[in-house]
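K.L.:
Following our numbering, the numbering of the sequence shown begins with 15 at its first residue and continues without gaps. C-beta atoms are modelled at their ideal positions from N, C-alpha and C, and glycine is treated no differently. In this text, all values refer to a predicted model and were calculated from it rather than measured experimentally. The structure that follows is given in the form of structure tokens.
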Amino acid sequence: MLGKINWDVLGITASVLCAIHCAVLPLLLASLPILGINIIHNAYFEYGMIVLAFLIGSWALSHGFKRHHRRLLPLLLFTGGVLLLVAKQIWHEYELRFLPFAVALIVGAHVLNYRLSRPVAIAETVGIPGEPPPPLENESLVRSGEQAA
Numbered sequence: 015m016l017g018k019i020n021w022d023v024l025g026i027t028a029s030v031l032c033a034i035h036c037a038v039l040p041l042l043l044a045s046l047p048i049l050g051i052n053i054i055h056n057a058y059f060e061y062g063m064i065v066l067a068f069l070i071g072s073w074a075l076s077h078g079f080k081r082h083h084r085r086l087l088p089l090l091l092f093t094g095g096v097l098l099l100v101a102k103q104i105w106h107e108y109e110l111r112f113l114p115f116a117v118a119l120i121v122g123a124h125v126l127n128y129r130l131s132r133p134v135a136i137a138e139t140v141g142i143p144g145e146p147p148p149p150l151e152n153e154s155l156v157r158s159g160e161q162a163a
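Written out as structure tokens, the structure is:
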């Protein structure tokens with residue numbers, strides 16, 4: 015049975031795969047141009063990866079923002095990361111300077127969004143004035159006198 019897709023995990027995975035592509039692939043697959051295959055510094059592939067990271071990240075972060083935490087920091091981190099990815103495409107000579115920061119910002123945005131989207135994190139950080147946070151699952155059973163299974 016397929017569960018729900020965790021868009022933050024998918025976004026982190028896409029960002030890490032992009033970083034691996036940009037950092038390791040040129041070292042391991044330097045012979046691809048000899049074979050007529052060029053995905054290293056291929057503008058279509060690079061922009062495709064950026065668009066893929068943007069679409070997945072936008073979906074995950076907007077979902078977390080709308081339904082869970084209403085915090086702008088993950089969106090700002092993600093925007094900064096995507097802008098650095100685009101900057102590395104425009105200024106190729108600074109690619110290796112932009113890339114680590116871009117990946118760190120994008121992954122950081124997804125990790126923060128994931129943490130803020132957890133019910134426990136929401137209960138702790140988004141408390142409603144005058145009302146206690148909702149009880150944890152086992153806590154409600156203990157309060158009612160029942161034993162937790």
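Which residue spans inside the stretch 83-113 form an unbroken beta strand (DSSP E) run of at least 3?
P.N.:
DSSP runs (the beta strand (DSSP E)) wholly in the stretch 83-113: none.
K.L.:
Here's the rule I'm using: 16 or more other beta-carbon atoms within 10 Å means buried, otherwise exposed. How should W21 be labelled?
P.N.:
The residue in question, W21, is buried, as its Cβ has 16 or more Cβ neighbours within 10 Å.
K.L.:
Please classify I142: is it buried, with 16 or more other beta-carbons within 10 angstroms of its beta-carbon, or exposed?
P.N.:
In this prediction, I142 has a pLDDT of 49, which is less than 50 and means its spatial position is unreliable; what the coordinates show is noted afterwards. Classification for I142: exposed.
K.L.:
Rounded to the nearest angstrom, how far is the Cβ of A116 from that of K102, given a contact under 8 Å?
P.N.:
At roughly 7 Å, the Cβ-Cβ gap stays under 8 Å, so A116 and K102 are in contact.
K.L.:
Whole angstroms are fine: how far does the CA of H83 sit from the CA of R165?
P.N.:
Residue 165 lies beyond the residue range present for the chain, which begins at 15 and ends at 163; the question has no answer from this structure.
K.L.:
When DSSP labels each residue in this structure, what does R132 get in the three-state scheme?
P.N.:
DSSP places R132 in coil when its eight states are reduced to three.
K.L.:
Taking the alpha helix (DSSP H) that F68 belongs to, which residues open and close that run?
P.N.:
F68 -> alpha helix (DSSP H) spans 57-78.
K.L.:
Rounding to the nearest angstrom, what Cα-Cα distance links R129 and P88 in this structure?
P.N.:
Cα to Cα, the separation comes out at about 10 Å.
K.L.:
Less than 9 Å between the C-beta atoms of L164 and L98, yes or no?
P.N.:
Residue 164 lies beyond the stretch modelled for the chain, which goes from 15 to 163, so this question has no answer here.
K.L.:
Anyone know if the C-beta pair for I64 and V100 falls short of 9 Å?
P.N.:
Yes. Within cutoff.
K.L.:
Let me confirm a value: L91 is counted as buried when at least 16 other C-beta atoms fall within 10 Å, else exposed. Which label applies?
P.N.:
So L91 counts as buried.
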